[in-house]
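Here the structure is laid out as structure tokens; the discussion comes afterwards.
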Amino acid sequence: MTEIRKYLEEHREEMIDFLAELVAVRSVQNDANGNCPFGKKPAKALERMLKKCEEAGFNVENVENYVGSADFSEIEPSLAILTHLDVVPEGTGWNSDPYVLKRSEGRLIGRGTCDDKGPAVASLFAMKAVRELAMPLKRGVRLIFGTNEENGSADLAYYRTKRKLPPMVFTPDGEYPVINAEKGMIRVYFSADFNDLSITSGKIINAVPEKCVVSCERHIIFLCKGKSGHASTPEKAENAITKFLYEYSRTYKNSLLCGLASLFPYGETDGKSCGLGFSDEISGKMTCVLSMLNTENGRLKGGIDIRFPLDRTLKEVSGIICKSLENIGFEIDSCEGTEPHVTDENSEFVQSLLRVYERVTGDKGHCIAIGGGTYVHEIDGGVAFGAEFPNEDGNMHGADEFITEENLIRNAEIMAEAIIEICG
Ligand SMILES: [Zn+2]
Numbered sequence: 252m253t254e255i256r257k258y259l260e261e262h263r264e265e266m267i268d269f270l271a272e273l274v275a276v277r278s279v280q281n282d283a284n285g286n287c288p289f290g291k292k293p294a295k296a297l298e299r300m301l302k303k304c305e306e307a308g309f310n311v312e313n314v315e316n317y318v319g320s321a322d323f324s325e326i327e328p329s330l331a332i333l334t335h336l337d338v339v340p341e342g343t344g345w346n347s348d349p350y351v352l353k354r355s356e357g358r359l360i361g362r363g364t365c366d367d368k369g370p371a372v373a374s375l376f377a378m379k380a381v382r383e384l385a386m387p388l389k390r391g392v393r394l395i396f397g398t399n400e401e402n403g404s405a406d407l408a409y410y411r412t413k414r415k416l417p418p419m420v421f422t423p424d425g426e427y428p429v430i431n432a433e434k435g436m437i438r439v440y441f442s443a444d445f446n447d448l449s450i451t452s453g454k455i456i457n458a459v460p461e462k463c464v465v466s467c468e469r470h471i472i473f474l475c476k477g478k479s480g481h482a483s484t485p486e487k488a489e490n491a492i493t494k495f496l497y498e499y500s501r502t503y504k505n506s507l508l509c510g511l512a513s514l515f516p517y518g519e520t521d522g523k524s525c526g527l528g529f530s531d532e533i534s535g536k537m538t539c540v541l542s543m544l545n546t547e548n549g550r551l552k553g554g555i556d557i558r559f560p561l562d563r564t565l566k567e568v569s570g571i572i573c574k575s576l577e578n579i580g581f582e583i584d585s586c587e588g589t590e591p592h593v594t595d596e597n598s599e600f601v602q603s604l605l606r607v608y609e610r611v612t613g614d615k616g617h618c619i620a621i622g623g624g625t626y627v628h629e630i631d632g633g634v635a636f637g638a639e640f641p642n643e644d645g646n647m648h649g650a651d652e653f654i655t656e657e658n659l660i661r662n663a664e665i666m667a668e669a670i671i672e673i674c675g
């Protein structure tokens with residue numbers, strides 16, 4: 252057993268107790284309140300974390316309750332570990348109180364245990380281990396705690412107007428081994444006058460809708476069922492809207508709906524019929540999901556979620572999708588997105604992280620590309636490193652979210668080893 256592992260084992264109870272304290276704060280985003288931009292609870296979780304960091308002897312800073320930080324030493328940081336203390340609402344289906352940490356068969360169950368309060372606690376204990384075992388560091392390290400990751404990351408955007416980020420940043424808010432590539436993302440909202448039918452399908456733009464209800468003069472004429480899923484992995488889901496459009500266009504001839512049916516054939520997920528269908532070697536096929544279609548006040552309103560490859564630009568892909576929609580009679584209400592994110596797999600930073608991962612877990616390290624965006628999507632040179640291990644699922648955002656005690660400790664161990672590898 253390494254000294255680091257031994258230290259963490261000895262501090263297991265302290266880590267778990269502190270995680271329980273953070274879980275007890277329901278740090279879901281709320282309206283701005285005085286000097287709390289995301290409501291009082293995210294600010295409270297941050298305050299609690301910074302106090303603990305200060306007690307451990309680190310130099311802390313609270314940047315107006317957007318973001319807090321803790322520095323290992325006076326040395327200007329070269330490395331930042333970025334976590335967040337806000338959580339998504341509990342939702343339904345829990346078997347225990349989501350805000351009372353439950354220990355059961357090696358699991359720590361509660362909202363935020365896995366995303367991302369557990370990893371935040373692990374990052375603190377990683378830095379404490381390095382400090383208390385008196386391991387010398389040549390370079391500085393900063394822990395950064397955000398409070399708005401789940402609702403658009405306005406925390407980081409603000410922080411970056413006030414402070415410079417270190418050249419190397421990783422976030423244990425994704426999965427191992429290392430996520431170094433993230434597709435570009437576009438969200439398009441469009442509409443047109445429409446009085447023929449009443450259509451209800453899809454409330455969230457980044458989810459594949461599971462149900463589409465269509466009625467005419469209060470009689471349901473179509474009820475299509477699919478399978479819900481995340482818009483970045485539509486091949487694992489079944490889109491109820493495109494199913495409806497397919498059924499509809501076989502018999503009826505409304506030009507808007509038939510136009511949509513031709514742009515979004517049932518079963519197609521890469522936007523080929525819209526003139527897209529791009530792919531690249533690293534991130535694979537792009538995705539293009541018609542995720543919302545609803546009638547409201549005489550308008551038919553739709554929403555599309557697109558994740559595009561690393562070798563395309565926001566401008567190019569936006570241009571193609573908007574033109575396709577305009578060609579069949581829709582107006583574009585908004586079209587916004589982000590460019591793809593890539594950090595060089597061969598950089599010394601990424602190679603160091605992979606080495607540490609291999610050393611601690613005994614498994615082969617490699618880089619992965621995803622369709623979703625992580626906390627470092629906008630940060631040059633940033634990667635996601637942890638906190639979920641391959642083939643493990645802690646029900647992030649779902650009921651009975653958990654992290655195992657072993658993974659809490661293993662995350663702290665990996666982060667401590669990474670600090671030493673990169674800054675020692
Ligand atoms: Zn997260």
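Taking our numbering as reference, the numbering of the sequence shown is continuous, increasing by one, and the terminal residue is 675.
Using N, Cα and C, we set each Cβ at its ideal position, and we do this for glycine too.
Query: Report the option in K292, Y317 and D322 whose CA atom is closest to the CA atom of E305.; Result: D322
Query: Any idea which residues DSSP pairs P288 with across the strands?; Result: G290
Query: Rounding to the nearest angstrom, what Cα-Cα distance links D447 and C467 in this structure?; Result: 7 Å
Query: Specify the secondary structure class of K552 as computed by DSSP and reduced to three states.; Result: strand
Query: Could you check if D424 belongs to the surroundings of ligand 1, using beta carbon to heavy atom distance under 7 Å?; Result: yes
Query: Given the structure, does G644 come close to ligand 1, in the sense that its CB is under 7 Å from one of the ligand's heavy atoms?; Result: According to the sequence provided, residue 644 is Asp. The question's Gly does not apply to it. No.
Query: If I measure Cβ to Cβ from C475 and keep anything under 6 Å in the same chain, skipping five residues before and after, which residues do I get?; Result: C463, A491, K494 and F495
Query: Cα separation between E652 and L359?; Result: 8 Å
Query: T594 and G633: beta carbons closer than 8 Å?; Result: yes
Query: For Y440, which of A296, L576, H617 and E656 has the nearest alpha-carbon?; Result: L576
Query: Are there any heavy atoms of ligand 2 lying less than 7 Å away from the beta-carbon of L448, as far as the coordinates show?; Result: What this structure holds is ligand 1, not ligand 2.
Query: Using three-state DSSP, classify T538 as helix, strand or coil.; Result: strand
Query: Quick check on the DSSP output: the beta strand (DSSP E) that includes C573 runs from which residue to which?; Result: Unbroken run through C573 is the alpha helix (DSSP H), L565 to N578; no beta strand (DSSP E).
Query: Express the C-alpha separation of I472 and S278 in angstroms, rounding to a whole number.; Result: 43 Å
Query: At the level of alpha carbons, what is the spacing between L561 and E532?; Result: 9 Å
Query: Quick one: what does DSSP say E639 is sitting in, helix, strand or coil?; Result: strand
Query: Going by DSSP, what residue range makes up the alpha helix (DSSP H) through E498?; Result: A491 to T502
Query: Tell me where the beta strand (DSSP E) around S479 begins and ends.; Result: Note, S479: premise wrong, no beta strand (DSSP E); not H, not E.
Query: Say yes only if the C-beta of H470 is nearer than 7 Å to one or more non-hydrogen atoms of ligand 1, and no if none qualify.; Result: no
Query: Measuring only from the beta carbon, is E298 closer than 7 Å to any heavy atom that is part of ligand 1?; Result: no
Query: May I ask you to check if the CB of A639 is nearer than 7 Å to at least one heavy atom of ligand 1?; Result: Residue identity check: residue 639 is Glu in the sequence provided, not Ala. E639: no, Cβ never under 7 Å from ligand 1.
Query: Please state whether the Cβ-Cβ distance between V351 and A275 is less than 8 Å.; Result: yes
Query: Indicate, with yes or no, if ligand 1 has a heavy atom lying under 7 Å from the CB of H628.; Result: no
Query: Using DSSP's beta-bridge definition, name the partner residues of G319.; Result: N313 and F396
Query: What are the start and end residues of each continuous alpha helix (DSSP H) run of 4 or more residues lying completely inside the stretch 587-620, in chain order?; Result: 599-612
Query: I think A677 touches T422, with their Cβ atoms under 8 Å apart; what is that distance to the nearest whole Å?; Result: With the chain covering 252 to 675 only, the question about residue 677 has no answer from this structure.
Query: Please classify T520 as buried or exposed, where buried requires at least 16 neighbouring CB atoms within 10 angstroms.; Result: buried
Query: Considering just the uninterrupted stretch of the beta strand (DSSP E) at K434, what are its terminal residues?; Result: That residue, K434, is in no beta strand (DSSP E); it is neither H nor E in DSSP.
Query: Taking only heavy atoms of ligand 1 into account, decide whether any of them is closer than 7 Å to the Cβ of V617.; Result: The amino acid occupying residue 617 in the given sequence is His; Val does not appear at that position. Flag unset: Cβ of H617 not near ligand 1.
Query: Could you pull the DSSP bridge partners for Y440 from this structure?; Result: G554 and S585
Query: State the CB to CB distance for the pair L330 and I673, rounded to an integer number of angstroms; the pair is presumed to be in contact (CB under 8 Å).; Result: 5 Å
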